[in-house]
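Just below is one structure, and these are the notes that go with it.
There are 2 protein chains.
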Amino acid sequence: MCDRHRGQDDSRACCPGGGRVRGFMQPKLLLLLAQRPAHGYELMESMAQEEDTNVDPGLLYRTLRQFEEDGLVRSSWDTEGRGAARRVYEITDEGLEYLHAWAMNIRRTRERLERFLADYQTHFASPSK
Amino acid sequence: MCDRHRGQDDSRACCPGGGRVRGFMQPKLLLLLAQRPAHGYELMESMAQEEDTNVDPGLLYRTLRQFEEDGLVRSSWDTEGRGAARRVYEITDEGLEYLHAWAMNIRRTRERLERFLADYQTHFASPSK
DNA sequence: TATACTATATGTGTAAGTCATATATCAGAC
DNA sequence: GTCTGATATATGACTTACACATATAGTATA
Numbered sequence: 003m004c005d006r007h008r009g010q011d012d013s014r015a016c017c018p019g020g021g022r023v024r025g026f027m028q029p030k031l032l033l034l035l036a037q038r039p040a041h042g043y044e045l046m047e048s049m050a051q052e053e054d055t056n057v058d059p060g061l062l063y064r065t066l067r068q069f070e071e072d073g074l075v076r077s078s079w080d081t082e083g084r085g086a087a088r089r090v091y092e093i094t095d096e097g098l099e100y101l102h103a104w105a106m107n108i109r110r111t112r113e114r115l116e117r118f119l120a121d122y123q124t125h126f127a128s129p130s131k
Numbered sequence: 003m004c005d006r007h008r009g010q011d012d013s014r015a016c017c018p019g020g021g022r023v024r025g026f027m028q029p030k031l032l033l034l035l036a037q038r039p040a041h042g043y044e045l046m047e048s049m050a051q052e053e054d055t056n057v058d059p060g061l062l063y064r065t066l067r068q069f070e071e072d073g074l075v076r077s078s079w080d081t082e083g084r085g086a087a088r089r090v091y092e093i094t095d096e097g098l099e100y101l102h103a104w105a106m107n108i109r110r111t112r113e114r115l116e117r118f119l120a121d122y123q124t125h126f127a128s129p130s131k
């Protein structure tokens, strides 16, 4: 752990460029939308809750707009009820295909992570240091 | 799968921005160097073999230079033997600390992937579609 | 009327990755 | 001899996922 974060209990913050495997919000968003249509704020709360990572609203809304531009979701304004108008997103057929492709890649990634962790443990468990 | 790649047997190529979780080369490089010192070309071959992904030499060499700048590895020229001179890298103590921090993050990431895949399968296995 | 929460959005910058290309040495084919 | 291909390292231009800051507007409640 780096000097900056040593002693902190939030090991997620460690380190500058050091750690984390990225690129996960997009499939996660598509899966949530496959389960049910939702608006951005709702998706943000779901993600913040299920993953224990802080979600950047800017990234989330931009990702949704990009998804719509790419035809993976479509949106409509919900002006019913109280509160500010909300844009409700639902997944398209193309979005579902994307999600399936993503799931395959994630399965492969999981296997790579498992091989990495196995190698890592083997190496640091052995007495040869 | 997207139009561009439908029918191809290489599902890794799919799709433009669609899939793959990134940021994995760095911990993988550090683990390889923790196992034994090596030069760039050798690391490239190890990675291309163990992961079945094509490795970009540009990215690899730039990453190693960055590692050295950050003090995670140190290098020396090997002019022995025949062939072009090669720069041999070995991991430093700081690099080892980084590797440990990375391994923790990767463990957490694996759990997120597993939760995602479980949710995914649950959703698409159920008859409610 | 102040403040907090709900809800969506932009601007700027960085880091990891992609693709193309440049370079030099050496081995073997022809 | 020189041509091709493997070994070996490197730069330039570009894209994208993400981080961090900030803007905006409506609603609820104290």
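Chains as they are written, first to last, in my numbering: chain W, 3 to 131; chain S, 3 to 131. Think of the CB as a built atom: it goes at the ideal place given N, C-alpha and C, for glycine as much as any other residue.
For residue 76(S), the uninterrupted beta strand (DSSP E) segment begins and ends at 75-80. In the structure shown, residue 117(W) falls within a helical segment according to DSSP collapsed to helix, strand and coil. Between the segment 27-35 of chain W and the segment 85-102 of chain W, the count of C-beta pairs closer than 8 angstroms reaches three or more; the two stretches touch. In the three-state DSSP reduction, residue 53(W) falls in the coil class, being neither helix nor strand. Under the rule that a run must span 3 or more residues, the beta strand (DSSP E) segments found entirely inside the segment 86-116 of chain W read 88-93. By the rule that beta-carbons nearer than 8 angstroms mark a contact, residue 120(S) does not touch chain W. Sequence-distant Cβ neighbours of residue 79(W) in its own chain, meaning closer than 8 angstroms and more than five residues away, are 87, 88, 89 and 90. Residues 42 of the same chain have their beta carbon placed closer than 6 angstroms to that of residue 63(S), with the five preceding and five following residues left out of the count.
What residue 94(W) touches in chain S, judged by beta-carbon distance under 7 angstroms, is nothing: the nearest beta carbon there is about 13 angstroms away.
Using a Cβ-Cβ cut-off of 7 angstroms, residue 36(S) is close to 125 of chain W, given in chain order. Taking the C-beta atoms as reference points, residue 118(W) is found no nearer than 8 angstroms to residue 114(S).
DSSP places residue 67(W) in the uninterrupted alpha helix (DSSP H) bounded by 59-71. Close to residue 22(S), with beta-carbon spacing below 8 angstroms, are these residues of chain W in chain order: 25, 107 and 111. Proximity to residue 51(W) across 69(W), 30(W) and 75(W) peaks at 30(W), based on C-alpha coordinates. For residue 65(S) and residue 59(S), the gap between their C-alpha atoms comes out near 10 angstroms.
Against residue 53(S), the close residues of chain W are 114, in the order they occur along the chain (beta-carbon pairs closer than 7 angstroms). In the DSSP annotation of this structure, residue 39(W) is not part of any alpha helix (DSSP H), being labelled neither H nor E.
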